[in-house]
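These notes are about the structure you will find just below.
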Amino acid sequence: MKPAPFEYVRATSVDDAMARYIEAEDARYLAGGQSLLAALNFRLDAPELLIDISQIGALRGIGRQGNAVIIGAMTRHAEVAADPLVTAHLPLLAQAVAHVAHPAIRHRGTIGGSIALADPASEMPACALALSAVLHVNGPDGLRTISADDFFRGIYETALMPGEILTQIEFPLPATEARHGFAELARRKGDYAMTGLALMTGPSPRIVWFALSDRPVRARTAEAALAAGETRANIAALATDGINVLGDLNASDAVKRHYARILLSRVLQEAGLP
Amino acid sequence: MKISLTLNGEVVTADVEPRQSLVDFLRASGLTGTHSGCEHGVCGACSVRVGGHVVRGCLMLAVQTDGQTVETIEGLTQSAAIADLQAAFHRRNALQCGFCTAGMLLTAHELLALDPLPSRDDIRDYLSGNYCRCTGYQAIIDAIADVAAERSGR
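In the order they appear, the protein sequences are chains A and B. Residue numbers for the first sequence follow the working numbering, so the first one is 796 and each next one is one higher. Residue numbers for the second sequence follow the working numbering, so the first one is 100 and each next one is one higher.
This is the structure in structure tokens:
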């Protein structure tokens, strides 16, 4: 199981990467490679050029900027997990990143790569949505920002245009009284989730499902019930209200709805709701 | 493409095809202790250390190791850094066919560096990305727990 032949180039800057992308007929950006290289091994994809953007210094690192924590897109999962700013200000992200695959994958995989791939069963896209992240993008037509609410469009589908690179993920600091919750059901630690939940309480709470639909989705009816101070049982009963739940090889849509109610009730209890 | 890396402590230069995976490069270089299993990042048989961290040798290209430090089971064996783990695997029957063993040893070595006295559940979690189709894992957990206790003087 070997990939089709391709050329490889290590980009020195975002501009260099974009220039090479435009020059090539059929290129892919290579981030951590933990999904792309597997896809190439399966020959699900066969580009002529890989542009390695993982060594671009400007795309790496974690910093505080005003009322936000900014994470460079090529920051690896293991670096996110170990960062004191993340632990202090984004405990949801710190908790969730431990569930991203296995240690060896977390050493190579990047937060930006995971968000840009938009696997519906992934933790990082769901966290971006739950934390109201703003995604910074650089492309042939210049810089722009995209709200996480507008970014995820379907299975492996995002608002990114051809040639655009996700450069930074901006996480606004959650309100001080906001609590977080996270849970996922998987057969083993690190396996793809069968159903997963990322939650932020506070004045405008967010309840985000992953591995339930074709993208990370907000449970808006349940969010409204949470904001209105409903009981845990009443909120959990609305877990998948209005959501297009899709069954897969591991669980039917009915089983996933069942899992969702249990997970939401459990996570709300852990977050201190009566 | 020409690459230059530090492989088990020695500077190595090579001319590789861009599509060649790190594990295939290592095996073609005669270092056959690292195994090529599923080739899509699931089984962990291809585990090697790059820049001091255990990674999947099938989800990294050889060209990406240009300028990097790579260590394999052969290097760790020679340095005797995991001699006690290897002895415990032998003593506890923690391998049968041996296909997963190099990956198990590297991952266990990394875990014990991070957490000198992990619980059995911690060990299972950390090894969750390494498949063994022979042992049923119990003996592997036993061996690692033994070494953790020995190293910690318990």
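Ideal Cβ positions, reconstructed from N, Cα and C, are used throughout, including at glycine. Just so it is clear, the structure is predicted and the values come from calculations on it, not from any experiment.
Quick one: which chain B residues come within Cβ less than 8 Å of residue i?
| i | result |
| --- | --- |
| phenylalanine 801(A) | Pro117 and Arg118 |
| proline 798(A) | Arg118 |
Indicate the three-state DSSP secondary structure (helix, strand or coil) for residue i in the structure shown.
| i | result |
| --- | --- |
| lysine 797(A) | coil |
| tyrosine 803(A) | strand |
| glycine 907(A) | helix |
| methionine 1070(A) | Nothing in the structure corresponds to residue 1070(A), since chain A is present only between 796 and 1069. |
| lysine 1051(A) | helix |
| valine 964(A) | For clarity, residue 964(A) is isoleucine in the given sequence; the question names valine instead. The answer is strand: DSSP assigns isoleucine 964(A) an E or B state. |
| leucine 104(B) | strand |
| threonine 953(A) | strand |
| glutamate 820(A) | coil |
| alanine 238(B) | helix |
| glycine 976(A) | strand |
| leucine 825(A) | strand |
| isoleucine 1038(A) | coil |
| glutamate 959(A) | coil |
| arginine 253(B) | coil |
| glycine 228(B) | coil |
| leucine 839(A) | coil |
| aspartate 1043(A) | coil |
| alanine 970(A) | coil |
| proline 217(B) | coil |
| alanine 876(A) | helix |
| alanine 833(A) | helix |
| glycine 202(B) | helix |
| alanine 207(B) | helix |
| alanine 891(A) | helix |
| leucine 885(A) | coil |
Skipping 5 residues on each side, what residues in its chain have a beta carbon closer than 7 Å to that of residue i?
| i | result |
| --- | --- |
| glycine 997(A) | Pro969, Ala970, Glu972 and Ala973 |
| glutamine 167(B) | Leu104, Val149 and Gly150 |
| glycine 958(A) | Met813, Tyr816, Ile817, Gly934 and Pro935 |
| cysteine 142(B) | Gly136 and Tyr230 |
| aspartate 878(A) | Ile857 |
Tell me which residues share the same chain as residue i and place their Cβ nearer than 6 Å to its Cβ, disregarding the 5 neighbours each side in the sequence.
| i | result |
| --- | --- |
| histidine 975(A) | Pro886, Leu887 and Met995 |
| serine 830(A) | Leu912 |
| aspartate 1036(A) | Thr1016 |
| histidine 902(A) | Ala873 |
| valine 875(A) | Val881, Val892 and Ile906 |
| glycine 991(A) | Glu979, Phe1005 and Ala1006 |
| threonine 940(A) | Val929 and His931 |
| alanine 889(A) | Val881 and Thr882 |
| leucine 1068(A) | Arg1027 |
| glycine 861(A) | none |
| alanine 988(A) | Ala916, Glu979, Ala981 and Ala1006 |
| leucine 938(A) | none |
| methionine 919(A) | Ile906, Ser909 and Ile910 |
Got a sec? Which residues, its chain only, sit under 8 Å from residue i by beta carbon, not counting five neighbours each side?
| i | result |
| --- | --- |
| threonine 962(A) | Val809, Ala853, Leu854, Gly867, Ala868, Gly907, His931, Val932 and Asn933 |
| arginine 250(B) | Asp183, Leu211 and Pro215 |
| leucine 1028(A) | The question names leucine, but residue 1028(A) in the sequence shown is alanine. The residues are Ser1060. |
| valine 804(A) | Arg815, Leu844, Leu845, Ile846 and Asp847 |
| glycine 1042(A) | Asp1048, Ala1049, Val1050 and Lys1051 |
| alanine 201(B) | Gly132, Thr133, His134, Ala144, Ser146, Thr171 and Ile172 |
| isoleucine 1038(A) | Trp1004, Leu1007, Ser1008, Val1012 and Ala1014 |
Which chain B residues sit within Cβ distance under 7 Å of residue i?
| i | result |
| --- | --- |
| alanine 833(A) | His139, Gly140 and Leu158 |
What residues from chain A crowd round residue i, counting only those whose CB sits closer than 8 Å?
| i | result |
| --- | --- |
| arginine 155(B) | Gln829, Ala899, Ile900 and Arg903 |
| threonine 228(B) | In the sequence as displayed, the identity of residue 228(B) is glycine instead of threonine. By Cβ distance, chain A contributes Ala896, His897, Pro898, Ala899, Ile900 and Gly985. |
In chain A, which residues lie less than 7 Å from residue i when you measure between Cβ atoms?
| i | result |
| --- | --- |
| serine 146(B) | Ala899 |
| valine 162(B) | Tyr803 |
| tyrosine 225(B) | Pro898 |
| methionine 100(B) | Tyr803 |
| histidine 134(B) | Chain A residues near histidine 134(B): none, gap ~14 Å exceeds 7 Å. |
Mind pulling the chain B residues with CB within less than 9 Å of residue i?
| i | result |
| --- | --- |
| threonine 847(A) | The amino acid occupying residue 847(A) in the given sequence is aspartate; threonine does not appear at that position. Result: Leu160, Val162 and Gln163. |
| phenylalanine 837(A) | Glu138 and His139 |
List the residues of chain A that residue i touches, going by C-beta distances under 9 Å, in chain order.
| i | result |
| --- | --- |
| glycine 143(B) | His897 and Ala899 |
| histidine 208(B) | Simply none; closest approach about 12 Å. |
| histidine 189(B) | None at all; the shortest Cβ gap to chain A is about 24 Å. |
TODO: Report the residue ranges of all beta strand (DSSP E) runs contained in full by the segment 109-196 of chain B; include only those spanning at least 3 residues, in chain order.
DONE: 109-114, 146-149, 152-155 and 168-170
Open item on the list: Can you confirm whether the segment 806-813 of chain A touches the segment 890-898 of chain A when touching is taken to mean that 3 or more C-beta pairs between the two stretches lie within less than 8 Å?
Closed with: no
TODO: Would you mind listing the beta strand (DSSP E) stretches within the segment 845-871 of chain A that are 3+ residues and don't spill past its ends, in chain order?
DONE: 857-860 and 863-867
Open item on the list: Across the segment 1049-1062 of chain A and the segment 148-155 of chain B, are there enough close Cβ pairs to call them in contact, namely three or more that are closer than 8 Å?
Closed with: no
Task: At least three beta-carbon pairs within less than 8 Å, the segment 183-190 of chain B to the segment 114-129 of chain B - done: Output reads no: the segment 114-129 of chain B does not touch the segment 183-190 of chain B.
Open item on the list: I'd like to know if the segment 138-147 of chain B and the segment 200-209 of chain B are in contact, where contact means that at least 3 CB-CB pairs between them fall below 8 Å.
Closed with: yes
Task: Completely contained alpha helix (DSSP H) runs for the segment 894-947 of chain A, where each covers 4 or more residues - done: 898-901, 906-912, 918-925 and 943-946
TODO: Could you pull out every unbroken beta strand (DSSP E) segment of at least 3 residues lying fully inside the segment 982-1027 of chain A, listed in chain order?
DONE: 990-995 and 1001-1005
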